[in-house]
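Notes follow the structure.
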Amino acid sequence: MPKEILRWALLNNHPATFSEFMTRTKLDPNGPFKPGEETMLLLAVANNSMDVVRCLLDVPRVEVNLPSDSGNAAINNAVVSGHVSMVKMLLDETDINLNHESKEGGTPLFSAVEKETPQIVALLLGHPGIDVNRVGPLGSPLITAIGKENPEIVALLLGHPDVDVNCVKSPDSPLMTAIRKGSLLIVNMVVNHKDIDTSRIASPLLAAIRKGNKNLDTNTCEERKTLINLGPESGCLDKRDLFQYQERALVLRQSLASALSMSALNNDVSEVKALIVEARILSPLERLVVLSATEDGFNNALHIAATLSREEYNQLASMLLSAGTPANVKDAKGRSALWISSRRGNIATTKLLLDAGATVNEPDIDGWTPLFVSSQHNHHEVIRLLIANGGANVDVKHSMGRLLWEITCLGHLEAMEVLIEYGANVHFKNTDSESALWIASVYRLAEAIKLLLKHGANVNDQNHFGRSALWETARHGNLEEMEVLLAAGATVDDHDLNWKCTPLFIAAHFKHRSAVERLIRAGANTGGASFKGASRKGREPGDSAPETLDYISQIVLSMTRKG
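Numbering (the UniProt record's numbering), first residue to last: 1 to 563.
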């Protein structure tokens, strides 16, 4: 029985109970609860039981680097799970091995790069013991980040003083990987590193960048014009030369498209103008192909112009649209220029693209629409533009819920205000019957709760377990959110469907005294009616019902004495 209670305390992140029963049972902190299970520390990390992990780390005998059967230590699991606070706490341990390799050869840094979690990458890189150049199955962490086409993480790695930008231990170099991926932004980042060794690369693209030459071949405009305009119908080409002509013309067209992207990347307005003039020598169809082209699926000139909010980039976007670049041209991930400008909060270019007829409700391959990504980043002015000028769907659905529900999780009040103003459904519930108000209570977002209540959200909404927002705030002892809900008339004596207890009982069960006192003052039933469940072994929190009711009685008595 004590071992079961200890395991329950670990899984429910109940540090007081955990510490008490660890002392009673004297179990090995480095052992599992039962054969075949993870160690206590690994299980607590996997369950994100922060307070219990802190208790375990205070135990002198605990081995923080002890691996699981898969070879992962606690730090590996925390990184893979994306628990930033957990990673930070583990890194504070003096004997932590932050370069611990799993059986597959992955280190915490590799995992953070693979999972694309820049906060964790930054934490790991800030630790003095990090091995930033460890070569694994996918190369170095830098090569992996470049392969993921994540410029934010690439920048973090390139900024580390010990990074090997040439990665001599790997068969492929970071620069060659960037060139192969076709990301001009990342190519520039790598090329401009102070320690770059270009002798390993023979590339026209590299040579052009190093020399500052934005035309990615040695041909002049006149040579392009001759080769592009000369066709077999002119009589100037023998049939034997036809294939060679077509291949050469294709290279030149691609070169023109690459030069256009590079010029946009460097914010070279005059060069873009010159290249647009040059593109006019092509047929309308060929010009459309050039203006729509991307570098290996990414970095179309219009996409680059949509990235930044500076006036010069808005001017570039206007110029490219006027020249005939399709407003809805997409990259390999299905992202339009409008999608990019919306995500970046680029108001002027977003308006420009909407005026040019950009499609507003079209998602990328992951299902994200321009409105969704602008809301995720709280760009409320762009949100208003997309809805008012573009007719964006405010109740677009993705993942677990609709837009307002997901933005509530982030606590973006300005975005929520605009979405609600334009008719977003405040009553929507996800597949677990959790409303935006309910989730705001769980995430301790008092201001979001006030906003939702102001616009008609039901204060007594329950999830599929019958747990109201007030029940959840009581469970976690969230006093500020509890005050808001009680002020709005939340029902204090509703029982959940699973454990069959009221907010007062669940607050008392978890020893949240302040929450218990507040609910008593709000008129909560303090007798046996607060719990209708079965008091039997294995029924939580029923197995401690008598003790919990006694705890409530003691608080009632104390409050009565104080008057």
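The C-beta atom is built at its ideal place from N, Cα and C for all residues, glycine as well.
query: Reference Lys511; option with closest CA among Ala490, Ala545 and Asp197; result: Ala545
query: Cβ neighbour criterion (16 or more within 10 Å) applied to Ile383; result: buried
query: For Lys194, three-class secondary structure by DSSP; result: coil
query: For Leu385 and Val492, the rounded distance between their alpha carbons; result: 42 Å
query: Assumed close pair Asn361, Ala388 - CB separation to whole angstroms, cut-off 8 Å; result: That belief does not hold up - the Cβ atoms of Asn361 and Ala388 are roughly 14 Å apart, past 8 Å.
query: Alpha-carbon spacing of Gly105 relative to Gly136, whole angstroms; result: 6 Å
query: Stretch-stretch touch, CB-based, cutoff 8 Å, three pairs: the segment 147–165 with the segment 260–269; result: no
query: Straight-line Cα distance separating Ser81 from Ala46; result: 7 Å
query: Endpoints, alpha helix (DSSP H) assigned at Arg444; result: No alpha helix (DSSP H) contains Arg444, which DSSP labels as neither H nor E.
query: Ala301, buried or exposed, once every other Cβ within 10 Å from all chains shown has been counted against 16; result: buried
query: Given Asn328 as reference, the closest of Ser374, Ala337 and Phe18 once Cα atoms are compared; result: Ala337
query: Beta-bridge partners of Lys397, as assigned by DSSP; result: Arg402
query: Whole-angstrom distance between Val79 and Ser111, CA atom to CA atom; result: 7 Å
query: Neighbour-count burial assignment, Lys88, 16 or more Cβ in a 10 Å radius; result: exposed
query: Simplified DSSP state of Asn213, which is helix, strand or coil; result: Model confidence at Asn213 stands at a pLDDT of 35, short of 50, so the residue's coordinates are unreliable and nothing is read from them.
query: Rounded straight-line distance, which links the Cα of Glu406 to that of Asp217; result: Its pLDDT being 38, under 50, Asp217 is placed unreliably by the model, and the measurement read from it follows with that caveat. Asp217 and Glu406: Cα-Cα distance of roughly 47 Å.
query: C-beta atoms of Ile304 and Leu321 nearer than 9 Å; result: no
query: For Arg7, the three-state DSSP class (helix, strand or coil); result: helix
query: Rounded straight-line distance, which links the Cα of Leu41 to that of Arg48; result: Checking the displayed sequence, the identity of residue 48 turns out to be Asn instead of Arg. Cα to Cα, the separation comes out at about 10 Å.
query: Option in Phe531, Asn99 and Lys34 with minimal Cα separation from His127; result: Asn99
query: Ser375 versus His455, Lys103, Gly411 and Gln462, residue with shortest Cα-Cα distance; result: Gly411
query: Whole-number beta carbon distance between Thr502 and Ala524, since they are thought to touch under 8 Å; result: 7 Å
query: Cβ separation of Thr107 and Glu101, assumed to be a contact under 8 Å, to the nearest whole Å; result: 6 Å
query: Nearest candidate by alpha-carbon position, reference Asp69, set Thr39, Trp339 and Arg54; result: Thr39
query: Arg444 beta carbon less than 9 Å from that of residue 565; result: No answer is possible for residue 565: it lies beyond the span of the chain, which begins at 1 and ends at 563.
query: Where Lys330 falls: helix, strand or coil (DSSP); result: strand
query: Cys167 in three-state terms, based on DSSP; result: coil
query: Terminal residues of the alpha helix (DSSP H) in which Ile304 lies; result: Ala301 to Thr307
query: Best match in Gly71, Leu90, Ala488 and Gly528 for proximity to Asp51 [C-alpha to C-alpha]; result: Leu90
query: Bridge partners - Ser336, DSSP secondary structure assignment; result: Lys330
query: Extent of the continuous alpha helix (DSSP H) run through Asp550; result: Ala545 to Lys562
query: Inter-residue CB distance, Ile506 and Val556 (contact presumed, cutoff 8 Å); result: The pair is not a contact, with the Cβ atoms about 17 Å apart (cut-off 8 Å).
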